[in-house]
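In the numbering used here, the protein residues as written are 2 to 534.
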């Protein structure tokens, strides 16, 4: 009976000893390849090529626009009404509008003094400025330290308020929303938000506020982030390259063409009336800043990006913190797109071109397509095509267009041009995490509203090195650093590369093996700063 069952499941062709298993698997592969694998892989390739062309056109469009902006467009001070703020001899400081500074915090032991000190040193009349520290910390010791720091500045005459909540409902959005409800805020016209690691220059308000005062249609003035720890490690250099393109090109193009871009959550000044008209802060996604920006834009408000208004900040230097941040930054926009796409379509206050820009360019291409094509094409379809010679990826799709896109992406950080090739490999690795997060957001799956505050180290690493503390125990090391999925992709790519060396006619194995090394390094967690416990 057993013999009959075996013959029914495996034809005689597949019978053999253990030595023939590899041959049998190869024969099975040939049987399913032509009718199933080849058509599916061809469809996947064509879809990826279409997505790549969409991304290429988007990057090319932004490249052309940014060149035109730099060559022909007048500076913001010339395009909009702008006059420097100064004391009036008759009314004194009454000529300055009331400004609220909000600093949301969560267990920010390493950086809380930096942000509070920078906010308290802003050049603005003290009687026209309210600084609000929104502390959601769960560590009693840190809460006590933050409160004492606020009291220290208050003793110097600074109008600073320390605010806590009973729970962290709504996370950052909930804290900001609660802060605007305070009685002492009702006279404030504008609110500027700085995360705990941000340190604005003293003249930040004097340069930004006049645009809001003299241009009633502007709701937001956004400054550019600069990174104090960009040279700390290779991970921070990679982040600098990506974020510099975001600010230098994406933000500038959006501001210049449609007066719209996504609020970055910090380093920007809002008109409080615009926040209220848009419906206030909402915690329905993990990108409350982008949510507010889209809703305010649909109400007809304009945004202004100032590239020379720079704010120092800190990049996550540990791979664990970076991955959590990228999950939030990828999942949140996809989830917001799911929730707002029809609201944008039905909106009657903005023209069709702005709707198209927001839906297609801002959301679909940049927040969804960019992640998916990077991962599926370069980490799945291209390697699989090496196993299936019947599917030939065109050279223009595998090499030429990606090279042009990468070159366009590099304009934001010329000093890191020598790191460009490694940046490509690293971005392919991170595309795996970002694509997972994008699908979670689109499908509103379990982790769609997961909020993990990005860890800031400040001077913690230097202090720990000085005290020569012991290394992490093996259990913690394994849990925080070993990433099985990345290692699994390294094995898959290694197999594809070896197959191409033995049987292939292309030279893609050179790229594949370099990608294997990058996935392996990421899988073992040897990226970024390794912090001793």
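Cβ coordinates follow ideal geometry from the N, Cα and C atoms, glycine included.
Host beta strand (DSSP E) of residue i (start-end)
| i | result |
| --- | --- |
| residue 307 | 303–314 |
| residue 132 | 130–136 |
| residue 164 | 161–165 |
| residue 38 | Neither: residue 38 is in no beta strand (DSSP E) and is coded neither H nor E. |
| residue 102 | 100–106 |
Contacts around residue i, its chain only, beta-carbon distance under 6 Å, and the 5 residues preceding and following it disregarded
| i | result |
| --- | --- |
| residue 140 | 108 |
| residue 520 | 430, 487, 490, 491 |
| residue 325 | 453 |
| residue 165 | 136 |
| residue 525 | none |
| residue 298 | 261 |
| residue 506 | none |
| residue 358 | 259 |
| residue 200 | 115, 119, 313 |
| residue 329 | 287 |
| residue 194 | 103, 267 |
Straight-line Cα distance separating residue j from residue i
| i | j | result |
| --- | --- | --- |
| residue 338 | residue 360 | 8 Å |
| residue 64 | residue 143 | 45 Å |
| residue 290 | residue 85 | 28 Å |
| residue 264 | residue 293 | 8 Å |
| residue 442 | residue 226 | 26 Å |
| residue 444 | residue 336 | 8 Å |
| residue 159 | residue 126 | 10 Å |
| residue 282 | residue 217 | 21 Å |
| residue 433 | residue 425 | 13 Å |
| residue 305 | residue 346 | 24 Å |
| residue 161 | residue 399 | 56 Å |
| residue 70 | residue 145 | 49 Å |
| residue 427 | residue 129 | 47 Å |
| residue 184 | residue 278 | 19 Å |
| residue 276 | residue 493 | 49 Å |
| residue 87 | residue 96 | 8 Å |
| residue 437 | residue 170 | 26 Å |
| residue 246 | residue 72 | 18 Å |
| residue 508 | residue 371 | 25 Å |
| residue 222 | residue 307 | 7 Å |
| residue 266 | residue 367 | 18 Å |
| residue 390 | residue 379 | 17 Å |
| residue 197 | residue 310 | 18 Å |
| residue 211 | residue 522 | 49 Å |
| residue 608 | residue 376 | The structure shown has nothing for residue 608, since the chain only spans 2 to 534. |
| residue 435 | residue 93 | 52 Å |
| residue 68 | residue 61 | 11 Å |
Own chain partners of residue i with C-beta closer than 8 Å, once the 5 adjacent residues on each side are dropped
| i | result |
| --- | --- |
| residue 114 | 150 |
| residue 241 | 228, 231, 316, 414, 417 |
| residue 382 | 42, 45, 46, 49, 394 |
| residue 423 | 235, 239, 519 |
| residue 163 | 134, 136, 147, 148, 151, 152 |
| residue 4 | Confidence in residue 4 is poor, its pLDDT being 46 and thus under 50, which makes the residue's placement unreliable; the coordinate value appears in the next sentence. None. |
Close beta carbons around residue i, own chain, < 7 Å, minus the five adjacent residues each side
| i | result |
| --- | --- |
| residue 374 | 49, 52, 53, 56 |
| residue 214 | 98 |
| residue 244 | 226 |
| residue 178 | 171, 281, 282 |
| residue 296 | 279, 280 |
| residue 474 | Caution applies to residue 474, whose pLDDT of 39 falls short of 50 and renders its modelled position unreliable; the model cannot decide the point. |
Presumed contact (8 Å Cβ cut-off) between residue i and residue j, rounded CB distance
| i | j | result |
| --- | --- | --- |
| residue 270 | residue 174 | Not confirmed; about 18 Å, so no contact. |
| residue 497 | residue 483 | About 23 Å separates the two Cβ atoms, so there is no contact after all. |
| residue 207 | residue 124 | 6 Å |
| residue 369 | residue 439 | 6 Å |
| residue 303 | residue 220 | 7 Å |
| residue 527 | residue 387 | About 27 Å; that fails the 8 Å criterion. |
| residue 189 | residue 273 | 6 Å |
| residue 250 | residue 412 | 7 Å |
| residue 205 | residue 180 | Rounded, the Cβ-Cβ distance is 19 Å, inconsistent with contact. |
| residue 455 | residue 322 | 5 Å |
| residue 74 | residue 256 | Not quite, the Cβ-Cβ distance comes to about 10 Å (not below 8 Å), so this is no contact. |
Range covered by the alpha helix (DSSP H) that runs through residue i
| i | result |
| --- | --- |
| residue 511 | 510–524 |
| residue 408 | 402–410 |
| residue 486 | 485–504 |
| residue 154 | 141–155 |
| residue 78 | 77–80 |
| residue 434 | 421–444 |
| residue 114 | 113–121 |
heavy atom of the ligand COA below 7 Å from residue i C-beta
| i | result |
| --- | --- |
| residue 190 | You won't find the ligand COA in this model; it holds no ligand whatsoever. |
Any chain D beta carbon closer than 8 Å to residue i
| i | result |
| --- | --- |
| residue 33 | Among the chains in the structure shown there is no chain D, since it carries only a single protein chain. |
Checklist entry - In chain order, which beta strand (DSSP E) runs of at least 3 residues are fully inside the segment 189–240? => result 191–194, 219–228
Checklist entry - Enumerated in chain order, which unbroken segments of the beta strand (DSSP E) with a length of 3 residues or greater are wholly contained in the segment 257–308? => result 269–272
Item to check | Every unbroken alpha helix (DSSP H) inside the segment 310–359 [4 residues or more] | outcome: 320–347, 353–357
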